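Taken in sequence, the protein lines are chains A and B.
Mapping of the first sequence onto numbering that gives the first Met the number 0: residues 0 to 569, in sequence order.
Mapping of the second sequence onto numbering that gives the first Met the number 0: residues 0 to 161, in sequence order.
The beta carbon of each residue, even a glycine, is placed where N, CA and C say it ideally should be.
These numbers come from a predicted model, not from an experiment.
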Amino acid sequence: MNITLNGHTCWAKPGETILDVSRREGVNIPTLCHMSDFSPTGSCRLCTVEVENAGSLVPACAYPVHEGMEVRTNSPRVRRARKTIIELLIANHPQDCLFCVRSGNCELQKLTQEYGVRTHRYEGERRRARIDIASPAIERDPEKCILCGRCVRVCHEVQHVGAIDFVHRGFKSAVAPALERSLNTVPCVDCGQCVVNCPVGALTEKSNQKPVWEAINDPERFVVVQVAPAVRVALGEEFGAEPGTVVTGKTVAALRRLGFDRVFDTNFSADLTIIEEANELLGRLKNEGVTPMLTSCSPGWVKFIEHYYPDLLGNLSSCKSPHEMQGALLKSYYAQKIGVDPSRMYVVSVMPCTAKKYEAQRPELGGAYADVDAVITTRELARMIRVAGIDFFKLPNEGFDDPLGESTGAGAIFGAAGGVMEAALRTAHFYLTGSDMKSLTFAPIRGLDGVKQADVRIGDFTLKVAAVSGLKNIKSLLDDMRDGTSPFHFIEVMACPGGCVNGGGQPLPTTPEKVRLRTESIYQIDRESPRRCSHRNESVQKLYAEFLGEPNGHTAHELLHTHYVARDEF
Amino acid sequence: MTKQQHMPEIYGKYPKKDASCLIDLLQDVQEQFGYLPDSEMQQVAKHVDIPVSRVYGVATFYNQFRFQPLGKYVIKVCRGTACHVQGSLGILTTLENELGIKAGQTTKDLMFTIETVACIGACSIAPVIAINDEFHGGLTTKSLQKLLRGYQKRSAKDEVTA
């Protein structure tokens, strides 16, 4: 069918909304509550447009097109209405942009500028609420909330967690955790998908920049930093680079200039995780242990199964997540090697993740000292680089320190959904057959689909595997496991849709296109790596020879494996 | 009979995993307990298989649901037009100050709850309040304080005998 958009005729499919068509045609209509791939709620009204003979203004996100429809997205009436909506929104908003963590990439601030709001037109009572700082991962400032509902929808519909929802009504309406408790006392999994979907500063990560700076500036401390695989394909965005730009070398250089004593790579311990996990899997299959085995790298997912499926904790791999393994080794193997007292060592993890902040303070992850002392997100690292006056793209490319800096392509792909599975298969194949597989690429478990499955033939054994991302997608597989009907041997689970590249700590705003580009870059790093299998990592081989002994052996179990806690559903 | 023993009767009436009966279920719970205790909202969430946050979200949307137990004496303060003209705002403020709670709240000792109503239907004796089902009209700050003392003494006596 044809419709007229601002006087131009354009083609439209029945069932599409005005917003769908105008975005395709390059006509920008502002939105705050709209989320692609979700049914519209039409709650913010910013996408308001004029339709000939429709009477009142209509919301473009929810209004279906019809033949011959005449739409005006830029008439004086539309512009006036939108400006009023923005003015009303900011009338009930703290307007403390100077201090707000989202200043500069806040969607409301951007619209305020675009629509030329220069005065404080409406003054009245403002909603008052306390900041919720009790969670170790996520902070909530309800006064900044504009009630768009994106966090609520992602929490319920994508993650099936439902830790937060709308409460009360009218002027008292708010988004709050269940029973209006603090976020740390409800079964939130800290995935941070609410944070990456928040258009304003109402939801942010709990910042650890201050303790990290203090550690760096303390001459008594030996401060070691490690960088997760998904950070290097996203950090560049914070400094204006195209999404997906690989900035590994500059990230290392920046970390050295910030004052870290050593810069290591979490990809190293990702390789190590694969050795441990592949051995654990083969052990389970050989000894008829509990299967399917579930991966344990994603701390949001681990907390999810602890809350909602504690009866299946036996299926969860006992491997610590890579950065925790790295922390444990830094404070034992490495500290010993360089003669530093582990009590002086301070381990910082730069992660694309908010759940890692919660994970790092789990009492079971560490012996005399916590494995990891502080976790900062990709965004926090960017802020530290800025305040240090480092011109990121003028930095030279530098390499990680040895020996926990060597990694293979298999470690790199941990950052994308399906990557852990693919890396594990490469190594499991080697263990079972004694040779590397001909093609190292597993197309069926790549890509951004929520559930990917494959039958992998290794020798005369067919391994049934699945890779799942987005917690909603794991539920049916877990229910099958409860019923004893699961056909799988091995399942990778990532809490965030698309995996760590779309983590709760990544640069904002995150869009599906950016996630796709970051994923591509992860696989590019793998393709260009001289070694692409974890068991080929020479530093890892040396680590076993010098220190750990056997994979899944006694020392490995003590340092690299953990146990889980059954938690209340509420 | 403890409150716990009543529960199967409430939940047994409603099919499991059916969120369409959420409000009926919440009403039954409130009738049983006088309010919606946190623990019961968690039970309701399990029964209909939705997150607790959603149960709480629905419950807080409606004025009919309470989240604190009612006091032994429920004081309804009329805030209708006639009472307003006769100074019911002062009556409400005095009550709030005397009892140390706001309208909608219950004293810590669970003796008094203050509620406001739009019109109690006794405009001729404005300003008027109702304590449980007893009406008290033509109130002044002084007479209200005296009235309240009486109830406070009664409640103290109740406690001794109980």
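Unbroken beta strand (DSSP E) run spanning E241 of chain A, endpoints: Looking at the DSSP string, E241 of chain A is not in any beta strand (DSSP E), and its letter there is neither H nor E.
E122 of chain A to H92 of chain A span [Cα, whole Å]: 11 Å
Where the segment 100-122 of chain B meets chain A: residues whose CB sits under 7 Å from a CB there: none
Beta-carbon proximity list for E512 of chain A, same chain, < 6 Å, skipping 5 on both sides: none
Beta carbon of I113 of chain B nearer than 8 Å to that of I124 of chain B: no
Where the alpha helix (DSSP H) through I90 of chain B begins and ends: S87 to L98
Pairwise C-alpha distance: I274 of chain A and T426 of chain A: 7 Å
CA-to-CA distance, F170 of chain A to W10 of chain A, given in whole angstroms: 42 Å
is_contact[Y10 of chain B, chain A] using C-beta, thresh 8 Å: no
Neighbour-count burial assignment, V84 of chain B, 16 or more Cβ in a 10 Å radius: exposed
Distance between C197 of chain A and G54 of chain A (C-alpha atoms, nearest Å): 33 Å
Rounded separation between E236 of chain A and E519 of chain A - CA only: 15 Å
Which of helix, strand or coil DSSP assigns to L380 of chain A: helix
Under 9 Å by beta carbon: chain B residues contacting H7 of chain A: Chain B residues near H7 of chain A: none, gap ~43 Å exceeds 9 Å.
Residue range of the unbroken alpha helix (DSSP H) whose run includes Q523 of chain A: P511 to R526
Beta-ladder partner(s) of T47 of chain A, from DSSP: A:P58
Interface flag, F569 of chain A vs chain B, CB-CB below 8 Å: yes
Minimum Cβ-Cβ distance from P176 of chain A to chain B less than 8 Å: yes
CB contact check: I137 of chain A to chain C, cutoff 8 Å: Given the protein chain composition of this structure (A and B), no chain C is represented.
Terminal residues of the beta strand (DSSP E) in which T184 of chain A lies: Element bounds for T184 of chain A: n/a, residue is neither H nor E.
Short Cβ contact (8 Å threshold) for K71 of chain B with S154 of chain B: yes
7 Å Cβ cut-off: residues of chain B touching I163 of chain A: S52
Proximal residues of chain B, C-beta to C-beta of V166 of chain A below 7 Å: Y55, G56 and T59
Three-state secondary structure assigned by DSSP to K101 of chain B: coil
For P135 of chain A and K205 of chain A, believed in contact at Cβ under 8 Å, the rounded distance: 6 Å
Closer than 8 Å to chain A by CB, Q31 of chain B: no
Stretch-stretch touch, CB-based, cutoff 8 Å, three pairs: the segment 223-230 of chain A with the segment 347-356 of chain A: yes
As assigned by DSSP and simplified to three states, the class of M324 of chain A: helix
Whether S533 of chain A touches C495 of chain A by CB criterion (8 Å): no
Simplified DSSP assignment, three categories, for Q4 of chain B: Low local confidence applies: a pLDDT of 47 at Q4 of chain B is under 50, so the model's placement there is unreliable, with the coordinate-based value given in what follows. Of the three classes helix, strand and coil, the one that applies to Q4 of chain B here is helix, per DSSP.
Residues within the segment 33-49 of chain B neighbouring chain A, beta-carbon criterion of under 8 Å: D37, M40, Q41, A44, K45 and I49
Simplified DSSP state of V262 of chain A, which is helix, strand or coil: strand
Beta carbon proximity, Q158 of chain A to chain B, threshold 8 Å: no
C77 of chain B (DSSP reduced to helix, strand or coil): strand
Beta-carbon spacing of L48 of chain A, V20 of chain A below 8 Å: With the sequence shown as reference, residue 48 of chain A is identified as Val, and Leu is not the correct amino acid for it. Cβ distance not < 8 Å, so V48 of chain A and V20 of chain A don't count as in contact.
Beta-carbon gap between P321 of chain A and C296 of chain A smaller than 8 Å: yes
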